Amino acid sequence: MNERTLIIGKGFVGSYLEKKLKESNIETYTTGFNTKENVDFRLDIRNEESITDCINKIKPNYIINCSANVNIDFLEKNPDIAFSINSEGAKNIAKISKKYNTRLIHVSTDAVFDGERGSYVEEDLTNPINVYGKSKVLGENFVKENSDDYVIVRTNIFGIDNHGRDFISNIVKNLKNQKQMIGFDDILFTPLEISNLSEMITELAITDFCGIIHLSSNTSISKFQFIRDVAEIFELDGTLVKKGTSEEIEFVAKRPKNLTLSNNKAKKILKTPIIPIKESLEKLRREILI
Ligand SMILES: NC(=O)c1ccc[n+]([C@@H]2O[C@H](COP(=O)([O-])OP(=O)(O)OC[C@H]3O[C@@H](n4cnc5c(N)ncnc54)[C@H](OP(=O)(O)O)[C@@H]3O)[C@@H](O)[C@H]2O)c1
Numbered sequence: 216m217n218e219r220t221l222i223i224g225k226g227f228v229g230s231y232l233e234k235k236l237k238e239s240n241i242e243t244y245t246t247g248f249n250t251k252e253n254v255d256f257r258l259d260i261r262n263e264e265s266i267t268d269c270i271n272k273i274k275p276n277y278i279i280n281c282s283a284n285v286n287i288d289f290l291e292k293n294p295d296i297a298f299s300i301n302s303e304g305a306k307n308i309a310k311i312s313k314k315y316n317t318r319l320i321h322v323s324t325d326a327v328f329d330g331e332r333g334s335y336v337e338e339d340l341t342n343p344i345n346v347y348g349k350s351k352v353l354g355e356n357f358v359k360e361n362s363d364d365y366v367i368v369r370t371n372i373f374g375i376d377n378h379g380r381d382f383i384s385n386i387v388k389n390l391k392n393q394k395q396m397i398g399f400d401d402i403l404f405t406p407l408e409i410s411n412l413s414e415m416i417t418e419l420a421i422t423d424f425c426g427i428i429h430l431s432s433n434t435s436i437s438k439f440q441f442i443r444d445v446a447e448i449f450e451l452d453g454t455l456v457k458k459g460t461s462e463e464i465e466f467v468a469k470r471p472k473n474l475t476l477s478n479n480k481a482k483k484i485l486k487t488p489i490i491p492i493k494e495s496l497e498k499l500r501r502e503i504l505i
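According to the numbering used here, the sequence shown is numbered sequentially starting from 216.
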């Protein structure tokens, strides 16, 4: 990819993607909404004019939409915000990318499924059980309807963000402070380390693939086992991690149980190796120590 790329939403995913693209010497621009981070443009995806303005200035060949509101419990109580950002916002970006003949990579989620079965393939019917998932499904549908050259990436991720608000930093903080943690044994997922995901998205952009693709790890893992693996690799006390189930907690938004994704399609299309979860955790640990 040696052309201009615009990342809409320099959040957790967007900032890793920016790093990866810039490391590959790709001319990359980012946008923010409320962030204090350094971004090239500020825009609100609910406002078509502000997106058009940005596209006119940058004239990107690729748009990667990493913008969303991902606060699951907040969105459950504020569905209007969920649908205006995650659905209508995605529609605005899709319409404008078509108008400007720009390839669109739209980042979505495993939460489009109900979690009853797992090992979901791209063709499986979506059936979200919370507002976040519903807003993301509608966003996907708008992308399909409004863009001719698009990729919808469904994924789940782990990594370390700039602010220490991510799952791994939380686990490390708690265990370092000798705090007990409950790990849900009934919630399964197939997360990819965020720089591995960024590399796959970078490769995907230059293919001629159009449609939905699942980018996920090769093996499924429970939240309990994931926390235990973090404890082991970060050399913390894993006995502080107790097995529990999500049924014991009253979340505002329902949590789907088995959101594992099949990555068979991705393995056929992409050359980027999928790094095993434990290997990625070891890499993160080394990076933190540097
Ligand atoms: N995090 C996960 O575990 C996870 C898992 C699966 C899938 N995903 C998907 O990955 C994508 C990125 O998620 P993330 O974790 O990177 O989220 P994030 O860190 O919360 O970043 C979201 C980005 O969207 C921007 N944004 C929010 N509202 C906006 C608006 N109205 N107009 C313009 N920009 C707006 C934010 O801008 P400001 O920060 O400037 O306000 C931020 O840059 C989402 O599509 C999400 O569904 C995430």
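Positions of the beta carbon are idealized from the N, C-alpha and C atoms, including for glycine. A quick note: this is a predicted structure, and the numbers were derived from the prediction, not measured.
Exposed unless 16 or more other CB atoms sit within 10 angstroms - verdict on residue i
{"i": "Gly-304", "result": "buried"}
{"i": "Pro-343", "result": "buried"}
{"i": "Asn-479", "result": "exposed"}
{"i": "Thr-405", "result": "buried"}
{"i": "Arg-439", "result": "Correcting the residue type first, residue 439 is Phe in the shown sequence and not Arg. Classification of Phe-439: buried, given that the 10 Å Cβ count is 16 or more."}
{"i": "His-378", "result": "exposed"}
{"i": "Lys-292", "result": "exposed"}
{"i": "Arg-501", "result": "exposed"}
{"i": "Val-336", "result": "exposed"}
{"i": "Leu-290", "result": "buried"}
{"i": "Thr-454", "result": "exposed"}
{"i": "Asn-262", "result": "exposed"}
{"i": "Asp-363", "result": "exposed"}
{"i": "Glu-233", "result": "buried"}
{"i": "Phe-328", "result": "buried"}
{"i": "Asn-371", "result": "buried"}
{"i": "Ser-230", "result": "buried"}
{"i": "Phe-466", "result": "exposed"}
Rounded separation between residue i and residue j - CA only
{"i": "Val-507", "j": "Asp-376", "result": "What the structure shows of the chain is the stretch from 216 to 505, and residue 507 is not part of that stretch, so it cannot be assessed."}
{"i": "Asp-288", "j": "Gly-398", "result": "19 Å"}
{"i": "Lys-493", "j": "Val-322", "result": "24 Å"}
{"i": "Ala-468", "j": "Ile-241", "result": "39 Å"}
{"i": "Leu-419", "j": "Asn-307", "result": "22 Å"}
{"i": "Glu-414", "j": "Glu-408", "result": "10 Å"}
{"i": "Gln-400", "j": "Ser-437", "result": "It is Asp, not Gln, that sits at residue 400 in the sequence shown. The straight-line gap from Cα to Cα measures roughly 5 Å."}
{"i": "Pro-294", "j": "Ile-421", "result": "35 Å"}
{"i": "Ile-448", "j": "Ile-489", "result": "19 Å"}
{"i": "Asp-259", "j": "Ser-431", "result": "29 Å"}
{"i": "Glu-497", "j": "Lys-310", "result": "41 Å"}
{"i": "Gln-393", "j": "Asp-452", "result": "8 Å"}
{"i": "Lys-472", "j": "Ile-402", "result": "5 Å"}
{"i": "Ile-266", "j": "Leu-319", "result": "14 Å"}
{"i": "Thr-220", "j": "Asn-276", "result": "6 Å"}
{"i": "Ala-283", "j": "Arg-443", "result": "30 Å"}
{"i": "Asn-286", "j": "Ile-296", "result": "11 Å"}
{"i": "Ile-222", "j": "Glu-360", "result": "21 Å"}
{"i": "Lys-313", "j": "Ser-495", "result": "36 Å"}
{"i": "Phe-382", "j": "Ile-503", "result": "15 Å"}
{"i": "Phe-441", "j": "Lys-457", "result": "12 Å"}
{"i": "Leu-236", "j": "Tyr-244", "result": "10 Å"}
{"i": "Ile-464", "j": "Pro-491", "result": "30 Å"}
{"i": "Cys-425", "j": "Tyr-365", "result": "5 Å"}
{"i": "Asp-339", "j": "Ser-239", "result": "34 Å"}
{"i": "Leu-315", "j": "Ile-278", "result": "The amino acid at residue 315 is misidentified as Leu; the sequence shows Tyr. About 11 Å."}
{"i": "Asp-255", "j": "Glu-462", "result": "43 Å"}
Residue nearest to residue i in terms of C-alpha spacing, selected from the options
{"i": "Ile-367", "options": "Ser-437, Arg-332, Asn-433, Ile-427", "result": "Ile-427"}
{"i": "Ile-273", "options": "Thr-317, Leu-290, Glu-238", "result": "Thr-317"}
{"i": "Asn-301", "options": "Ile-402, Glu-233, Val-358, Ser-239", "result": "Val-358"}
{"i": "Thr-460", "options": "Lys-482, Leu-340, Arg-470", "result": "Arg-470"}
{"i": "Arg-369", "options": "Ala-481, Tyr-244, Ile-222, Glu-252", "result": "Ala-481"}
{"i": "Ser-477", "options": "Thr-434, Lys-498, Arg-500", "result": "Thr-434"}
{"i": "Leu-485", "options": "Leu-455, Leu-412, Val-456", "result": "Leu-412"}
{"i": "Phe-373", "options": "Met-396, Gln-395, Ser-410", "result": "Ser-410"}
{"i": "Glu-252", "options": "Leu-236, Gly-224, Tyr-277", "result": "Gly-224"}
{"i": "Met-396", "options": "Tyr-347, Ile-503, Ala-446", "result": "Ala-446"}
{"i": "Gly-247", "options": "Tyr-231, Gly-226, Glu-450", "result": "Gly-226"}
{"i": "Gly-348", "options": "Glu-238, Pro-491, Ala-326", "result": "Ala-326"}
{"i": "Lys-483", "options": "Ile-464, Thr-475, His-429, Phe-441", "result": "His-429"}
{"i": "Phe-298", "options": "Lys-237, Val-346, Thr-417", "result": "Val-346"}
{"i": "Thr-341", "options": "Leu-474, Thr-487, Glu-463, Asn-249", "result": "Leu-474"}
{"i": "Ile-416", "options": "Arg-380, Val-254, Thr-487", "result": "Thr-487"}
Chain D within 8 Å of residue i, Cβ atoms only
{"i": "Met-415", "result": "The structure shown has no chain D; it contains just one protein chain."}
Exercise. Does the region 388-407 come close enough to the region 350-369 that 3 or more CB-CB pairs lie under 8 Å?
Worked result: no
Exercise. Between the region 326-339 and the region 265-272, do at least 3 Cβ pairs fall closer than 8 Å?
Worked result: no
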